[in-house]
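K.L.:
Just so you know, the sequences run in chain order Z and S.
Heads up: the first sequence begins at -7 in my numbering, then just goes up one per residue.
Heads up: the second sequence begins at 2 in my numbering, then just goes up one per residue.
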Amino acid sequence: MTERRPDPEALLEQVREEERRARRGRLKIFFGASPGVGKTYAMLEEARAKRREGVDVVVGVVETHGRAETAALLEGLETLPRRAIEYRGITLHEFDLDAALARRPTLILVDELAHSNAPGSRHARRFQDVEELLAAGINVYTTLNVQHLESLNDVVAQITGIQVHETVPDSIMDQADELEVADLSAEDLLERLKEGKVYVPEQAARAIERFFRKGNLIALRELALRRAAERVDAQMRGYMREHGIRETWPAGERILVCIGPNPVSGRLVRAGKRMATSLKCDWTVLYVEAPGQRISASDREALVQSLQLAEELGAQTVTLSGLNAADEVLAYARSHNITKIVVGKPTHPRWRDKLFGSTLDQLVRGSGDVDVYVITGDVEGESARRRPPAGRASPAGEYWRAAFAVALATLVGFPVFRFLSLTDVAMVFLLGVAFVASRYGRRPTIFASFLSIALFDFFFVPPRFTFAVSDVGYILTFAVMLAIALLISALTLRIRAQADAARERERHTAALYAMTRELAGCRAQREVIAVVERHWTETFRTSVELLLPDQEGRLRAQASGGQRALGDKELSVAEWAYRHAKPAGAGTDTLPAAAAFYLPLLTSARSIGVMSLKGDVRRFEEAAQRRLLEAFAGQTALALERAQLSEQTERTKIEIEAERLRTSLLSSLSHDLRTPLGSITGAATTLLEDAAISPDVRRELMETVLGEARRMNRLIGNLLDMVRLETGALQAQKEWQPLEEPVAGALMRLADVLKDRRVDVQLPSDLPLVPVDAVLMEQVFVNLLENAAKHTPAGTPIDLSAVARNGEVLVEVADRGPGIPAGEEERVFAKFYRLPMSEAAGGVGLGLAICRGIITAHGGRMWVEHRPGGGAAFRFTLPIGSGPPEPVPVEDEVAQSHE
Amino acid sequence: MSEPVPVVLLIEDEPQMRRFLRAALSTHPYALVEAETAREGLAQAAGRTPDVILLDLGLPDGDGIDLTRRIREWSTVPIIVLSARGWERDKVAVLDAGADDYLTKPFGVGELLARLRVALRHTAQGASGAGEPVFTVGGLRVDFEHRRVFIDDREVHLTPTEYKLLAVLIRHAGKVLTHRQLLKEVWGPNAVEHTHYLRVYMTQLRHKLETEATRPRYLVTEPGVGYRLQAE
């Protein structure tokens, strides 16, 4: 064996598998050939040994069957009380899964893996309970007999003559971490049976006798050992794969098992599994459905079960639709590189083959280089024959119409008989029958045929007006008429059925496409919900509810009208489906007593929600409906995931934007706060350290310190105002006041900044009072004037004016500087926006944003225009409505007082 | 013999602030007493009977308004509060509780000394009883006896209410008066909510007395608080 680099994909899968296992509990199966070999005993012994080592062991359920030695081993082990379930008046005691999950031991013992739980339990089968325990991280010991294995079930039945119905999927055994075979030779076992040490249920005594024949026991033992050996082989291969040891893989085989709607299919599927396992290859199970084919309910049931079995055993299942089964099978085989085809031996009588052609024959002849394996069907169970398509039951109206057509033919027959021959009349009747066959169902056609024959006979065949026939040859005519009628009828029915099936498929596809297309246009989750609801309800014609997890992870029903909390029972079923990513509820194996069918919506990563369908859910067991359900579920999950991701992207974008703003703010703040500080520190240190400075320079430095300190004060004021604006803490305390007061305040505060320039203030003396917050309005003027001073050359004047007009006061602060660049008129009001040239002048770019915020808080508008003649003109409005509430009493001036 | 130096009680917890005030007042005839907490301040106010109190509103262990009220229970000593910009409502509250004036941080030495002067002058005036018959500041001259007002020697005619308003301002010249105080003194206690009366009359007064309404020499607006007549 040469060392080779392990295949990365396979290794990745292995790593994932190991990870999965690490989180899962470990499963050890005590495996045996038959009851009585000592599986439970071995399990208990080991459990006790573990307990002595200090492991937390709990007995979930152990059947002692009254054996004293087994019961003795139970002593000292903590045992979970069973759950009592009432069923049809009897109290059954089942394993309490919830108690086990709550107790969360390190190791739990669960006997008899194949056991079926009583109705009312969460799962139908005990191995499903064990699955849940393992998923929860609890280690499990369990016991299993070889006859309970799905793939060996029929083999064992053949050996022992007893069909065991409680089977366990092979996957459970294959995934088990450890397998211990409790082995006992046939002689020893029989010895024990004689000693009464083996459990024998009273009722089945005779069957047990048959079971415990030596030949049986030997065969079973071999089977068990061989199955265990297969497992070891698989482990070895895994080891080899891990270490890159190349092994000789057989040339890639691919097996195709063809099944039909009969119980034989189960056997075929199991045989396919065995073949696939021994050849170590992939296998597919194929069913070809004839359109319009009518199958009895039990046969359909068997078919569905066979398909489910196939999936459980690890096959890919495919259902095709076609008239000629052999053609479909061969086409599939060719396109999928099938190397072996497995079919069942024909069970129908030979004459059908002679008449209708043998599917098997066609298959074999057309198989080319593909091997065809023909396997024996089971003696038990009926085989279904392909009944010709029957179509729907015909309503009474059709019979009348058929009769009418025949009557019409009869009427036409008379003139024909007069001028042409009897054969032509026969043709007319044939035409009539053919017409009926093409339009109506089979029975009306048969009815029309017989009616035609009768009328033909009566009215036209000599002796006329009797039902007697003079020439026996006419019998042949009648027979031919009937045959043609039936043939045409069968043909048209088939075609119609095919057309119906095609239409149905097209409908499904169209429904899926319609939903997918609408979903593609949805962005927000609630849009998705609305679209999904509509389409599901329309397509499946049940009431549906989409369940999605809320903030805390609890499922809530989302309807376009809003959310709704679920009832406890519904919630528990829905949550089970959600967490385990498997369907649950009505019509499934898990919690079948629930009111609705819960289908989890799965994306590649996880469960994203659950769809609940109420109403008649048995329809969904049909393969085509199931496929449609799954397709819908898949698309819905994708759309939901996309909506969630898109919302996340939006949030992320906003966060990135906020982050950008923060960074920009921090950097500019840092610069703008440090710059005046730099001047102040510089000036102060110079004043401190240099003793020989002239008084003039000294004065200048100190003025610098003062000026810069004041600038920083304004800057900090701006920052604080911005914070207040942002957090909504900016409350405008409006009071009626004259505009000149805030203007005066601003001019005083900026006295040193404005000392080199003129500020022309034009406020009409009859300017009405404005309802403003004094401090905030002063700040607006401070910011506007400071901006004007910063952006214009020293010495240029600033104009401030106001005018009252229809319900508001319009204020303007204009400068004669370079103005605002074209196109930036809105952007200047944005936070942290600074014109490039103003960076030298300092400031963080908040002044205008704050002004606008304050003006907006007063109910006004602010904007900037270009001043004719050059420069920027900032304008804002302040609404004054109808003026202050109480008019001020007017007085006369008095030159002197009389008091 | 020289008069006793006015005692200034400074209740301020910030050491830098105290240092600055110490330095500012060191070259002026004031005796500075310092307290760091409200409790200490109260004790000192009672024990040392200062002539003026400088009270910081942001004391760690006490509410300036409360302290003002308590001092006002047994003393009329002028209280000047030091507070930051943006706390106008607190300033109004403490003025209404009995404080006389305020300084907004950061303030300059000039402002501080001006306020102290005003405060002490009013105490002196109060102690001496009557006010002056004629009030003069800059170009403004008001003859109380004859009820005549002159700006730069030109007579100005005021309505009775305007005159009353001006008189109130003069009576507290240099000190800030809240809207509420002005309304109460001029229009009576029932008019304290009609702030716009005050505004209108102040505007009228301003237009009559000032050369430039937006650069007032005498009638200063304290935004969010009230008005002040410059005393020098």
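Just so it is clear, CB atoms sit at the ideal spot from N, CA and C, and this is done for glycine as well.
Taking the alpha carbon of I790/Z as the reference point, which residue from S757/Z, A796/Z, R797/Z and L739/Z has its own alpha carbon closest?
P.N.:
Working through the first sequence from its first residue, we reach residue 790/Z at position 798. It is L739/Z whose Cα lies nearest to the Cα of I790/Z.
K.L.:
Anything in chain S within Cβ reach of G737/Z, meaning under 8 Å, just list it in chain order.
P.N.:
Residue mapping note: residue 737/Z aligns to position 745 of the first sequence, counting from 1. What G737/Z touches in chain S: T222 and P224.
K.L.:
So with Cβ pairs under 8 Å, would you call W728/Z a contact of chain S?
P.N.:
Here the question's residue 728/Z lines up with position 736 in the first sequence. For W728/Z, the answer is yes, since a Cβ of chain S falls inside 8 Å of its Cβ.
K.L.:
For V277/Z, which of helix, strand or coil comes out of DSSP?
P.N.:
On the first sequence, residue 277/Z is found 285 positions in, with the first residue counted as 1. In this structure, V277/Z counts as strand in the three-state DSSP scheme.
K.L.:
Residues of chain Z with CB closer than 8 Å to the CB of R70/S, please, in chain order.
P.N.:
Within the second sequence, numbered from 1, the residue matching residue 70/S stands at position 69. Ordered by position in chain Z, no residue passes the 8 Å Cβ test against R70/S, which lies about 24 Å from the chain.
K.L.:
What does a CB cutoff of less than 6 Å around K645/Z pick up in its chain, not counting 5 residues either side in sequence?
P.N.:
Numbered from its first residue, the first sequence carries residue 645/Z at position 653. Taken in chain order, the list of residues that qualify is empty.
K.L.:
Can you confirm whether the segment 485 to 493 of chain Z touches the segment 513 to 523 of chain Z when touching is taken to mean that 3 or more C-beta pairs between the two stretches lie within less than 8 Å?
P.N.:
Contact fails: fewer than three Cβ-Cβ distances are below 8 Å.
K.L.:
Could you tell me whether the segment 214 to 225 of chain Z touches the segment 135 to 149 of chain Z, where touching means 3 or more Cβ pairs closer than 8 Å?
P.N.:
Output reads yes: the segment 135 to 149 of chain Z touches the segment 214 to 225 of chain Z.
K.L.:
Are there 16 or more other CB atoms within 10 angstroms of the CB of R377/Z, so buried, or fewer, so exposed?
P.N.:
Within the first sequence, numbered from 1, the residue matching residue 377/Z stands at position 385. The predicted model places R377/Z with a pLDDT of 36, which falls under 50 and marks its position as unreliable; any figure quoted below should be read in that light. With fewer than 16 Cβ atoms within 10 Å of its Cβ, R377/Z is classed as exposed.
K.L.:
Against V753/Z, what residues of chain S qualify as contacts under a CB-to-CB distance less than 9 Å, listed in chain order?
P.N.:
Within the first sequence, the letter at position 761 stands for residue 753/Z. Ordered by position in chain S, the residues that pass the 9 Å Cβ test against V753/Z are E213, A214, T215 and R216.
K.L.:
Taking 8 Å as the threshold (C-beta atoms), are T402/Z and L447/Z in contact?
P.N.:
Taking the first residue of the first sequence as 1, we reach residue 447/Z at position 455. Taking the first residue of the first sequence as 1, we reach residue 402/Z at position 410. Yes, they are a contact pair.
K.L.:
Mind listing the chain Z neighbours of E89/S? Cutoff is C-beta to C-beta under 7 Å, in chain order.
P.N.:
Numbered from its first residue, the second sequence carries residue 89/S at position 88. Within chain Z, the residues near E89/S are V767.
K.L.:
When DSSP builds the beta bridges, which residues end up paired with V689/Z?
P.N.:
The residue given as residue 689/Z occupies position 697 in the first sequence. The partner list for V689/Z (beta bridge, DSSP) is empty, contrary to what the question assumes.
K.L.:
In terms of residue numbering, what span does the beta strand (DSSP E) encompassing S535/Z cover?
P.N.:
One-based indexing of the first sequence puts residue 535/Z at position 543. Here the beta strand (DSSP E) through S535/Z covers S535 to P541.
K.L.:
Let's test the definition: count the other Cβ atoms within 10 Å of the Cβ of N131/Z and tell me whether it reaches 16, buried, or not, exposed.
P.N.:
Along the first sequence, read from residue 1 onward, the residue named residue 131/Z stands at position 139. Its Cβ being crowded by 16 or more others within 10 Å, N131/Z is buried.
K.L.:
If you measure beta-carbon to beta-carbon, which residues of the segment 691 to 705 of chain Z are closer than 9 Å to chain S?
P.N.:
Of all residues in the segment 691 to 705 of chain Z, L698, A701, R702 and N705 have a Cβ within less than 9 Å of some Cβ in chain S.
K.L.:
Tell me where the alpha helix (DSSP H) around W75/S begins and ends.
P.N.:
The count along the second sequence starts at 1 and reaches residue 75/S at position 74. Its alpha helix (DSSP H) spans residues G65 to W75.
K.L.:
What is the rounded straight-line gap between the Cα of S108/Z and the Cα of N254/Z?
P.N.:
Position 116 of the first sequence, counted from the first residue, corresponds to residue 108/Z. Position 262 of the first sequence, counted from the first residue, corresponds to residue 254/Z. One C-alpha to the other measures close to 25 Å.
K.L.:
Do I152/S and L210/S have their beta-carbon atoms positioned less than 8 Å apart in this structure?
P.N.:
Along the second sequence, one-based indexing puts residue 210/S at 209. Along the second sequence, one-based indexing puts residue 152/S at 151. For L210/S and I152/S, yes; Cβs fall inside 8 Å.
K.L.:
Enumerated in chain order, which unbroken segments of the beta strand (DSSP E) with a length of 3 residues or greater are wholly contained in the segment 168 to 217 of chain S?
P.N.:
For the segment 168 to 217 of chain S, whole beta strand (DSSP E) runs of length 3 or above, ordered along the chain, are 177 to 179.
K.L.:
Check each residue of the segment 107 to 131 of chain S: if its Cβ is closer than 7 Å to any Cβ of chain Z, include it; give the result in chain order.
P.N.:
Correct list: P107.
K.L.:
Is the shortest distance between the beta-carbon of S757/Z and the beta-carbons of chain S less than 8 Å?
P.N.:
Residue numbering aside, residue 757/Z sits at position 765 when the first sequence is read from its first letter. Yes, its Cβ sits closer than 8 Å to a Cβ of chain S.
K.L.:
Among all the DSSP beta bridges, which residues are the ones paired with G227/S?
P.N.:
Indexing the second sequence from 1 puts residue 227/S at position 226. Answer is T179/S and E223/S, bridged to G227/S.
K.L.:
How about L768/Z and I846/Z: do their beta carbons lie closer than 8 Å?
P.N.:
Walking along the first sequence from the start, residue 768/Z turns up at place 776. Walking along the first sequence from the start, residue 846/Z turns up at place 854. Going by C-beta atoms, L768/Z is nearer than 8 Å to I846/Z.
K.L.:
CA-CA distance, P810/Z and V119/S?
P.N.:
Translated into the one-based positions of the first sequence, residue 810/Z becomes position 818. Translated into the one-based positions of the second sequence, residue 119/S becomes position 118. Roughly 46 Å between the two C-alpha positions.
K.L.:
Under 8 Å by Cβ, that's how I've got V805/Z and L777/Z pegged, so tell me the actual separation to the nearest angstrom.
P.N.:
Within the first sequence, the letter at position 813 stands for residue 805/Z. Within the first sequence, the letter at position 785 stands for residue 777/Z. 7 Å between Cβ atoms; contact.
K.L.:
Please determine, among G815/Z, D274/Z, L4/Z and K31/Z, the residue with the shortest C-alpha to C-alpha distance to L171/Z.
P.N.:
Here residue 171/Z refers to the residue found at position 179 of the first sequence. The shortest Cα separation from L171/Z among G815/Z, D274/Z, L4/Z and K31/Z belongs to K31/Z.
K.L.:
CB D102/S to CB V9/S, shorter than 8 Å?
P.N.:
The residue you call residue 102/S lines up with position 101 of the second sequence. The residue you call residue 9/S lines up with position 8 of the second sequence. Against a cut-off of 8 Å, the Cβ pair of V9/S and D102/S comes out as no contact.
K.L.:
Which ranges would you report for the beta strand (DSSP E) in the segment 114 to 145 of chain Z if only whole runs of at least 3 residues count?
P.N.:
Listed in chain order, they are 131 to 137.
K.L.:
Pick from Y202/S, V193/S, Y198/S and Q126/S: whose alpha carbon is nearest that of L159/S?
P.N.:
To locate residue 159/S, count along the second sequence from 1; it is residue 158. Closest option to L159/S, Cα to Cα, is Y202/S.
K.L.:
Going along the chain, which residues of its own chain have a beta-carbon closer than 8 Å to the beta-carbon of K823/Z, five neighbours each way excluded?
P.N.:
Within the first sequence, residue 823/Z is the residue found at index 831, counting from 1. For K823/Z, where only same-chain residues beyond five positions count, the Cβ hits under 8 Å are L653, M714, G837, L838 and A841.
K.L.:
Cα separation between K468/Z and V461/Z?
P.N.:
Translated into the one-based positions of the first sequence, residue 468/Z becomes position 476. Translated into the one-based positions of the first sequence, residue 461/Z becomes position 469. Rather than Lys, the amino acid found at residue 468/Z in this sequence is Leu. Using only the alpha carbons, I get a separation of about 11 Å.
K.L.:
Is there a Cβ of chain S sitting closer than 8 Å to that of P687/Z, yes or no?
P.N.:
To locate residue 687/Z, count along the first sequence from 1; it is residue 695. False, the Cβ-Cβ gap to chain S never drops below 8 Å.
K.L.:
Is it a yes or a no for the segment 145 to 157 of chain Z touching the segment 618 to 629 of chain Z, going by three-plus beta-carbon pairs under 8 Å?
P.N.:
The segment 145 to 157 of chain Z, when compared against the segment 618 to 629 of chain Z, does not touch it at the 8 Å Cβ threshold.
K.L.:
Note down the Cα distance separating I872/Z from A675/Z, rounded to an integer number of angstroms.
P.N.:
Residue 872/Z sits at position 880 when you count from the first residue of the first sequence. Residue 675/Z sits at position 683 when you count from the first residue of the first sequence. Using only the alpha carbons, I get a separation of about 48 Å.
K.L.:
Relative to the C-alpha of D144/S, which candidate in A115/S, K165/S, Q126/S and S76/S has its C-alpha closest?
P.N.:
On the second sequence, residue 144/S is found 143 positions in, with the first residue counted as 1. Of A115/S, K165/S, Q126/S and S76/S, the residue nearest in Cα terms is K165/S.
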